[in-house]
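In my numbering, the protein residues as written are 665 to 876. We put the CB at the ideal spot given by N, CA and C, even for glycine. Take a look at the structure set out below.
This is the structure:
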């Protein structure tokens, strides 16, 4: 399950044929952090600043996002935190540079970065929702994940005894289709991580990141 990633750098959004977002965000994102998200508004792709970690309409606590940053595709339509967004087909894309996953070596977790071999940013499937907190609208999102027990690349991450999970990378040619699809058709876009396009590297936190 992905709890940390690097969002797309603002001066690199043109690589996805997008315009630059007008708001700032951190270079390293964790649950409850503000981050950039792409969604479709009447067929037009727009940026929104959201929280990483779903805060459903019935919840009014920012801390809740620390528990809902990933949504399993197998149960997303049933879980109280996600089912409203799913029922409304509120699909989105997270533009990222890298995601981070734990890889266990000799029984200890190491922080590994996963990124495209060609160095380009990529987009990850998400759902989004909004709620009111202290009278203000707060938008939030969760990454969708699929099983990766038998995936040759993604199965190397997380504890050996745990189920393996993977993000869903949405290729460029399917981005608009994903953003505008209905929940009944969403499983057509549950793509496995493409082999040969991504690589992983041991990337421990820099000293400046240890307090995050």
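Residue nearest to residue 751 in terms of C-alpha spacing, selected from 695, 739, 780 and 827: 739
Beta-carbon proximity check, residue 773 vs residue 766, cutoff 8 Å: yes
Rounded straight-line distance, which links the Cα of residue 702 to that of residue 839: Distance from the CA of residue 839 to the CA of residue 702, rounded to the nearest whole angstrom, comes to 10 Å.
Touch test, the stretch 801-812 against the stretch 731-750, Cβ-Cβ under 8 Å, three pairs minimum: yes
Distance, residue 770 Cα to residue 801 Cα: 46 Å
At least 3 beta-carbon pairs within less than 8 Å: the stretch 817-825 vs the stretch 684-695: no
Contact set for residue 674: own chain, Cβ-Cβ below 7 Å, skip 5 residues either direction: 684 and 685
Stretch-stretch touch, CB-based, cutoff 8 Å, three pairs: the stretch 686-700 with the stretch 777-784: no
Beta-carbon proximity list for residue 844, same chain, < 7 Å, skipping 5 on both sides: So the list reads 704 and 707, once near-sequence residues are dropped.
Environment of residue 793 [buried if 16+ CB atoms lie within 10 Å]: buried
Assigned exposure category for residue 717 - 16 Cβ within 10 Å defines buried: buried
Cβ-Cβ distance between residue 807 and residue 790 below 8 Å: yes
For residue 680, the nearest candidate out of 759, 700 and 854 (CA to CA): 759
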